[in-house]
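Using my numbering, the letters of the sequence shown correspond one by one to residues 466 to 626. Backbone N, C-alpha and C fix where the C-beta goes; we use that ideal spot for every residue, glycine too. Heads up, the thing below is written out as C-alpha coordinates.
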Amino acid sequence: MTEQKRQLRWWQESILLIGSALVLALIVKTFLFQAFYIPSASMVPTMRENDKLMVQKVSYWFGGSPERGDIVVFHDPNNWLGGAGDPPLNPVQRSLELIGLYPSGGHLIKRVVGVGGDNVRCCDSKGRTVVNGKSLDESYLQDKNVNADQTYDVTVPKGYL
466 MTEQKRQLRW
476 WQESILLIGS
486 ALVLALIVKT
496 FLFQAFYIPS
506 ASMVPTMREN
516 DKLMVQKVSY
526 WFGGSPERGD
536 IVVFHDPNNW
546 LGGAGDPPLN
556 PVQRSLELIG
566 LYPSGGHLIK
576 RVVGVGGDNV
586 RCCDSKGRTV
596 VNGKSLDESY
606 LQDKNVNADQ
616 TYDVTVPKGY
626 L
(Lines of atoms letter the chains of each structure in order from A and count residues from 1; the text may use other names and numbers.)
(Lines give C-alpha, C1' and ligand atoms only; values in the text may rest on other atoms or scores of the structure.)
Protein backbone atom coordinates (compact mmCIF):
# COMPACT_ATOMS: atom_id res chain seq x y z
CA MET A 1 0.00 0.00 0.00
CA THR A 2 1.40 3.39 -0.92
CA GLU A 3 1.90 6.26 1.47
CA GLN A 4 -0.85 8.22 -0.30
CA LYS A 5 -3.42 5.49 0.26
CA ARG A 6 -2.54 5.13 3.96
CA GLN A 7 -3.10 8.78 4.70
CA LEU A 8 -6.65 10.09 4.93
CA ARG A 9 -7.46 12.97 2.67
CA TRP A 10 -8.00 16.28 4.43
CA TRP A 11 -11.76 16.17 3.83
CA GLN A 12 -12.01 12.65 5.25
CA GLU A 13 -10.16 13.79 8.36
CA SER A 14 -12.48 16.79 8.63
CA ILE A 15 -15.58 14.60 8.43
CA LEU A 16 -14.16 12.27 11.07
CA LEU A 17 -13.29 15.21 13.32
CA ILE A 18 -16.71 16.87 12.96
CA GLY A 19 -18.51 13.54 13.49
CA SER A 20 -16.49 12.86 16.63
CA ALA A 21 -17.23 16.35 17.97
CA LEU A 22 -20.98 15.89 17.37
CA VAL A 23 -21.02 12.52 19.13
CA LEU A 24 -19.10 14.00 22.07
CA ALA A 25 -21.49 16.97 22.26
CA LEU A 26 -24.51 14.63 22.32
CA ILE A 27 -22.94 12.56 25.11
CA VAL A 28 -22.19 15.68 27.16
CA LYS A 29 -25.73 17.06 26.65
CA THR A 30 -27.37 13.74 27.52
CA PHE A 31 -25.37 12.82 30.60
CA LEU A 32 -23.38 15.78 31.97
CA PHE A 33 -24.43 19.35 31.11
CA GLN A 34 -27.10 21.12 29.08
CA ALA A 35 -27.55 24.78 28.16
CA PHE A 36 -30.87 26.56 28.83
CA TYR A 37 -32.11 30.12 29.00
CA ILE A 38 -34.58 31.77 31.40
CA PRO A 39 -37.89 32.11 29.47
CA SER A 40 -39.77 34.44 31.83
CA ALA A 41 -39.31 36.94 34.65
CA SER A 42 -40.67 34.56 37.31
CA MET A 43 -37.22 33.95 38.87
CA VAL A 44 -36.24 37.64 39.20
CA PRO A 45 -34.03 38.76 40.99
CA THR A 46 -32.18 35.41 41.25
CA MET A 47 -32.21 35.02 37.47
CA ARG A 48 -33.31 37.45 34.81
CA GLU A 49 -35.38 36.79 31.70
CA ASN A 50 -33.25 35.53 28.77
CA ASP A 51 -30.23 34.79 31.00
CA LYS A 52 -28.32 31.72 29.82
CA LEU A 53 -27.36 28.96 32.20
CA MET A 54 -25.61 25.62 32.16
CA VAL A 55 -27.29 22.81 34.11
CA GLN A 56 -25.27 19.89 35.45
CA LYS A 57 -26.99 16.49 35.58
CA VAL A 58 -24.50 14.51 37.69
CA SER A 59 -26.19 15.28 41.05
CA TYR A 60 -29.02 12.83 40.40
CA TRP A 61 -27.02 9.94 38.95
CA PHE A 62 -26.74 7.93 42.15
CA GLY A 63 -30.24 8.20 43.58
CA GLY A 64 -30.18 11.84 44.59
CA SER A 65 -33.34 13.87 44.17
CA PRO A 66 -34.26 17.56 44.30
CA GLU A 67 -34.65 19.03 47.76
CA ARG A 68 -36.45 22.08 49.08
CA GLY A 69 -34.64 25.23 47.93
CA ASP A 70 -33.01 23.61 44.87
CA ILE A 71 -33.50 25.25 41.49
CA VAL A 72 -34.67 22.76 38.86
CA VAL A 73 -35.24 22.83 35.11
CA PHE A 74 -38.07 20.83 33.57
CA HIS A 75 -40.05 20.64 30.34
CA ASP A 76 -43.10 22.95 30.29
CA PRO A 77 -45.84 20.32 30.88
CA ASN A 78 -48.95 22.40 30.19
CA ASN A 79 -47.67 25.11 27.85
CA TRP A 80 -47.62 27.64 30.70
CA LEU A 81 -45.26 29.77 28.64
CA GLY A 82 -47.81 29.94 25.84
CA GLY A 83 -45.12 29.61 23.19
CA ALA A 84 -42.96 32.31 24.78
CA GLY A 85 -40.46 29.61 25.73
CA ASP A 86 -39.72 28.76 22.11
CA PRO A 87 -38.32 31.76 20.25
CA PRO A 88 -37.96 31.38 16.49
CA LEU A 89 -34.68 29.70 15.61
CA ASN A 90 -32.90 29.57 12.29
CA PRO A 91 -31.81 26.14 10.95
CA VAL A 92 -28.27 26.48 12.34
CA GLN A 93 -29.56 27.35 15.82
CA ARG A 94 -32.04 24.41 15.71
CA SER A 95 -29.22 22.06 14.75
CA LEU A 96 -26.96 23.37 17.52
CA GLU A 97 -29.84 23.09 20.02
CA LEU A 98 -30.32 19.41 19.12
CA ILE A 99 -26.74 18.57 19.98
CA GLY A 100 -26.60 20.77 23.08
CA LEU A 101 -24.50 23.65 21.80
CA TYR A 102 -27.31 26.20 21.84
CA PRO A 103 -29.60 26.93 24.85
CA SER A 104 -32.88 25.00 24.76
CA GLY A 105 -36.30 26.62 25.07
CA GLY A 106 -39.66 25.25 26.20
CA HIS A 107 -38.41 24.60 29.71
CA LEU A 108 -39.26 26.11 33.08
CA ILE A 109 -36.75 27.03 35.77
CA LYS A 110 -38.21 27.01 39.29
CA ARG A 111 -37.20 26.75 42.94
CA VAL A 112 -38.47 23.66 44.81
CA VAL A 113 -40.82 24.67 47.63
CA GLY A 114 -42.13 21.25 48.61
CA VAL A 115 -41.24 17.62 47.94
CA GLY A 116 -43.38 14.47 48.14
CA GLY A 117 -45.35 14.36 51.39
CA ASP A 118 -44.90 18.05 52.29
CA ASN A 119 -47.89 20.19 53.17
CA VAL A 120 -47.60 23.60 51.46
CA ARG A 121 -50.07 26.34 52.29
CA CYS A 122 -50.57 30.05 52.02
CA CYS A 123 -50.11 31.94 54.14
CA ASP A 124 -49.02 32.89 57.64
CA SER A 125 -49.94 36.28 59.15
CA LYS A 126 -47.02 37.92 57.31
CA GLY A 127 -48.02 36.52 53.89
CA ARG A 128 -45.25 33.90 53.83
CA THR A 129 -45.59 30.40 52.39
CA VAL A 130 -45.81 27.69 55.07
CA VAL A 131 -44.26 24.24 54.54
CA ASN A 132 -45.04 21.53 57.11
CA GLY A 133 -46.10 24.19 59.62
CA LYS A 134 -42.91 26.26 59.24
CA SER A 135 -42.98 29.69 57.57
CA LEU A 136 -40.41 30.16 54.81
CA ASP A 137 -38.11 33.15 54.83
CA GLU A 138 -37.84 33.63 51.06
CA SER A 139 -35.32 36.49 51.05
CA TYR A 140 -34.69 35.88 47.34
CA LEU A 141 -38.22 37.03 46.36
CA GLN A 142 -38.41 40.39 44.63
CA ASP A 143 -42.05 40.88 45.60
CA LYS A 144 -42.48 40.03 49.28
CA ASN A 145 -46.28 40.19 48.90
CA VAL A 146 -46.40 37.75 45.99
CA ASN A 147 -48.83 35.53 47.90
CA ALA A 148 -51.04 38.32 49.23
CA ASP A 149 -54.03 37.36 47.06
CA GLN A 150 -53.43 33.59 47.08
CA THR A 151 -54.93 30.86 49.22
CA TYR A 152 -53.91 27.23 48.90
CA ASP A 153 -53.34 24.24 51.11
CA VAL A 154 -51.92 21.22 49.29
CA THR A 155 -50.02 18.08 50.15
CA VAL A 156 -47.40 17.29 47.52
CA PRO A 157 -47.94 13.72 46.22
CA LYS A 158 -45.05 11.25 46.61
CA GLY A 159 -42.71 11.40 43.61
CA TYR A 160 -43.66 15.02 42.82
CA LEU A 161 -42.24 18.46 43.61
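Excluding the 5 residues preceding and the 5 following residue i in the sequence, name in chain order all residues of the same chain whose CB lies nearer than 8 Å to its CB.
i: residue 577; result: 531, 532, 533, 534, 535, 536, 537, 626
i: residue 598; result: 584
i: residue 545; result: 573
Could you tell me which residues DSSP puts in a beta bridge with residue i?
i: residue 541; result: None, per the DSSP bridge assignment.
i: residue 594; result: 587
i: residue 600; result: 595
i: residue 430; result: For the chain, the structure presents residues 466 to 626; residue 430 sits outside this window and is missing.
i: residue 619; result: 585
i: residue 536; result: 576
Have a look at residue i and residue j and give me their C-alpha separation to the nearest angstrom.
i: residue 593; j: residue 601; result: 6 Å
i: residue 541; j: residue 503; result: 12 Å
i: residue 525; j: residue 474; result: 43 Å
i: residue 568; j: residue 621; result: 30 Å
From the options, pick the residue whose C-alpha is nearest to that of residue i; which is it?
i: residue 523; options: 484, 493, 616; result: 493
i: residue 627; options: 561, 501, 507, 482; result: Beyond the ends of the chain as shown, which are 466 and 626, falls residue 627; an answer cannot be given.
i: residue 560; options: 482, 475, 480, 490; result: 490
i: residue 508; options: 606, 615, 614; result: 606
i: residue 588; options: 620, 566, 616; result: 616
Return helix, strand or coil for residue i, following the three-state DSSP convention.
i: residue 573; result: strand
i: residue 564; result: coil
i: residue 511; result: coil
Take residue i and list the residues in its own chain whose beta-carbon comes closer than 6 Å to its own, dropping the five residues that flank it on each side.
i: residue 521; result: 498
Cutting at 7 Å between CB atoms, please list the residues of its own chain near residue i, excluding the five before and the five after it.
i: residue 506; result: 514
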